[in-house]
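The structure appears right after this line, and notes come after that.
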Amino acid sequence: MSDNSEDSSAALQRYNRGGLRVTEALKILQQVPKDAARYQVALACAFTPLHLQTFLAACLQRSHPGRRVVVTPGLYGDTAGTLESLKETAVQAVAVALEWADLDPRLGYRATGKWGPSVLADILSGSRHMLDRIAASLERLPSEVPVAISLPTLALPPLFHTPGWQMVEAEVALRQNLFEFASCVARRRGSSLVNWDRLAQESPPGSRFDLKSELLTGLPYTVPHAAAVASALARLLAPPLPKKGIISDLDDTLWGGIAGEIGSHHVGWDLAGRNHLHGLYQRLLAAFAEEGVLLGVASKNDPSVVRQVFERQDLYLASSSIFPMDVSWNAKSAAVGRILRTWNISGDAVVFVDDSPMELAEVSAAHPDVECLLFPKDDYAACGALLDRLRDLFGKPRISSEDAIRLESIRRSSELQQTSHDGSSLEAFLQQAGAAVTFDFSEGDPRVLELVNKTNQFSLNGTRYTEGEWGRRLAGVSALLAAVSYRDKFGPLGKIAVMQGWQEGGTLRIETWVMSCRAFSRRIEHQCLKMLFERYHARELFLDFRPTPRNGPMRDFLAAISGSRPDGPFTLTRAEFEKNCPALYHSVCEAQFNLSPTP
Amino acid sequence: MNDIADRLIDCFQTVFPEIPAAEIPNATQASVAAWDSAATITLLNVIEDEFEVQLDLDLLPELTSFGSVHEHLCQQMQS
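Sequences listed follow chains L and C, in order. Quick note: the first sequence uses the working numbering, first residue -4, plus one each step. Quick note: the second sequence uses the working numbering, first residue 92, plus one each step.
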């Protein structure tokens, strides 16, 4: 029990504000079935991991509900040695929680080495060497093993000659070494670093260190800080899927003022007009557009007035970045429904932003999956929080070339559907589209696994894979992987489909098959099957179909091509396929396609 | 068995799920293989969660049985 009741009370309050509690974490871990497949995570840290290990396992367990997460700590005091000892296939992920004592024990409190000016040069040199060793050991890990790294989160001990409020040159040099290390490891594919500023919001620096725990147990973290670091590491190892689209209101949201009342030239988004919050929002949306986020507008407005505003040259967001722009006097829930259908994505991948709580409630009632966020036009702090929230929802670790063309391909897809609805024959349209389908072996392209893991609708069974699991599936002697790209006279859709499986004699067993919803209505799925039959002289395809709540489009297609609605895995013969396959007009080429011969 | 003891048994079950509830009142560090120093620290935190108290790490060497934990907890709750 603490001698100081005020300190105890403050600590309890901090504790209660924190995220996960030790009890909750243990209960999460105990609920996992003993026979669930293991998800092995190595935890490299030089201190006693205690609650950090428990919290990390619990946080990852929440992201891997079908697995049994096992977090294994390394040797006390030897982070570099722990990383060096990791076997190639022993772990599926690595978490590294660095603290200053990892670099040199004299930078911690438990070691008894000397502090003072005479040893600073030696500490600097030793820490440089240790960081190089850790960086080298990370570099040697298989690239498909994700690594999350937390840089030192605790203050340095008072070993410098300056008072605590002054940063001494040696400390600057120490931090410079650390940043060079961080820059080096951040370039490794699959490595990611905990954001210091975000961690400081969630775990204020002043409440992180527990000297008594450090000296008596070897864990330097307070319990809430251990929970925060674990949560941050887990988020990097198992990031949530980013949202795909944002639907925004216009008046008092994208810009300040009601355009229909004050005129298109008097709405604003600048500092002078005290409308700068709207300008910040526009700049964020413009960045989103560049990153491949779909932008749509749902506004109760006069279309001609809206058009006039978008003709202004000082907007940060070009109207060409927005599709569709649904402007009418009808209910916004109906507009949101139309936009979702145009984008062909589900509501849980979309955010709706409006300044009116009533409109948000109306949309939320009709589309409960859509995340509805208030644009707090008069509350600067809340608006800052909204921008951060949007960045979190749409942030992604990398931007692919497909991101840049997503909106354009949806616009083309919409035009294609419009063409067929307008009475022109879809058949004639497809004939004249100049479509080309390219099949490619793309094992090294991270977009392939990304597409597998984020596609819900045209997905054979909805199975998600880690990089390690995916790599093992491709390692078999008769494994096949096809990445499919598409372009037509309207432009490219990029890489839009993936098939994975293996060959057993005259049967191709297809375990994974996904196709982006952007590629619907072009008969690319038919071309995929045709290519498999022809390329491998296959008599039949065994399709590991399993129904999910979301893969209705796949099921509908399989029903049409096989002649009966499947309830599970089934075999499609070549004769059945050829009987039900419509005319295909694509030109087909094979960039590279790997199939190791069956031994 | 009083209320504190019942809740303490729940705490022990959270940390040592393999021990039957009936055996927990007789549990000691010597009789439970999984009860090492790390488990004692985890147990302290689970007790802190349950009883909303703070237990001093100085107590660690003394908390070697259900009985000793119960005794310390009762004293702390009364003070």
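We put the beta carbon where it would ideally sit given N, CA and C, even for glycine.
- Contact between N136 (chain C) and V218 (chain L) holds: CB atoms are separated by about 6 Å, below the 8 Å threshold.
- Ranked by Cα distance from D321 (chain L), the options L:Q56, L:D350, L:P147 and L:R336 are led by L:R336.
- The DSSP-derived three-state label of P152 (chain C) is helix.
- For the pair of segments examined, the region 52 to 60 of chain L was found to touch the region 222 to 230 of chain L: the number of CB pairs separated by less than 8 Å reaches three.
- For R569 (chain L), the closest alpha carbon among the candidates L:A233, L:K207, L:M526 and L:K327 is that of L:M526.
- The beta-carbon of T67 (chain L) is placed no less than 7 Å from the nearest beta-carbon of chain C.
- Using a Cβ-Cβ cut-off of 7 Å, K207 (chain L) counts as an interface residue toward chain C, since at least one Cβ of chain C sits closer than that to its own.
- For the pair T433 (chain L) and A586 (chain L), the CB atoms are nearer than the 7 Å cut-off.
- Taking a C-beta distance under 7 Å as the contact criterion, K239 (chain L) and L312 (chain L) do not qualify as a contact pair.
- Using a Cβ-Cβ cut-off of 7 Å, V262 (chain L) does not count as an interface residue toward chain C, since no Cβ of chain C sits closer than that to its own.
- Separation of Y276 (chain L) and N456 (chain L) (C-alpha to C-alpha, rounded to the nearest whole angstrom) is 38 Å.
- Residues of chain L with a Cβ closer than 9 Å to the Cβ of T133 (chain C) are, in chain order, V17, L21, L45, H46 and T49.
- Within chain C, the residues L148, D149 and L151 have their CB atoms less than 8 Å from the CB of L211 (chain L), given in chain order.
- Chain C has a Cβ within less than 7 Å of the Cβ of Q25 (chain L).
- Secondary structure of M125 (chain L) (DSSP, three-state): helix.
- For R63 (chain L), the enclosing beta strand (DSSP E) covers residues R63 to P68.
- Assignment of S145 (chain L) by DSSP, reduced to helix, strand and coil, places it in the strand class.
- Taking every protein chain shown into account, the CB of G390 (chain L) has fewer than 16 other CB atoms within 10 angstroms, so this residue is exposed.
- By the CB criterion at 7 Å, A88 (chain L) and A41 (chain L) fall outside the cutoff.
- Just measuring C-alpha positions, the residue of C:C165, C:G158, C:A130 and C:A121 sitting nearest L148 (chain C) is C:A130.
- For W250 (chain L), the three-state secondary structure derived from DSSP is strand.
- Only those residues of the region 108 to 126 of chain C whose C-beta falls short of 7 Å from the nearest C-beta of chain L are listed: P108.
- Here L214 (chain L) has F42, T43, P44, L45, H46, L47, D205, S208 and A221 as same chain residues with Cβ atoms under 8 Å from its own Cβ, once five neighbours each way along the sequence are excluded.
- Taking a contact as a CB-CB distance under 8 Å, the pair Q498 (chain L) and S473 (chain L) counts as one, their CB atoms being some 5 Å apart.
- With fewer than 16 other Cβ atoms from the protein chains shown falling within 10 Å of its own Cβ, I257 (chain L) counts as exposed.
- Judged by DSSP in its simplified three-state form, P108 (chain C) adopts coil rather than helix or strand.
- In the structure shown, the three-state DSSP call for T461 (chain L) is coil.
- At a cut-off of 7 Å between C-beta atoms, D140 (chain C) counts as an interface residue with respect to chain L.
- Sequence-distant partners of L355 (chain L) (beyond 5 residues in either direction) whose C-beta falls short of 8 Å from its own C-beta, in its chain, are F347, D349, C367, L368 and L369.
- Within the same chain, K238 and K239 come within 6 Å of A344 (chain L) by CB-CB distance, once the 5 residues on both sides are set aside.
- For F389 (chain L), the enclosing alpha helix (DSSP H) covers residues Y375 to F389.
- Around the C-beta of P68 (chain L), 16 or more other C-beta atoms lie within 10 Å, and the residue is accordingly described as buried.
- Looking at L:L245, L:F318 and L:V365, the one whose alpha-carbon comes closest to that of L310 (chain L) is L:L245.
- The region 294 to 325 of chain L is shown to contain whole alpha helix (DSSP H) runs of 4 or more residues at 298 to 305, in chain order.
- Residue burial is scored here from C-beta neighbours: P319 (chain L) has at least 16 other C-beta atoms within 10 angstroms and is therefore classed as buried.
- Taking C-beta separations shorter than 7 Å and ignoring five residues to either side along the sequence, the partners of L381 (chain L) in its chain run L368, F370 and P371, following chain order.
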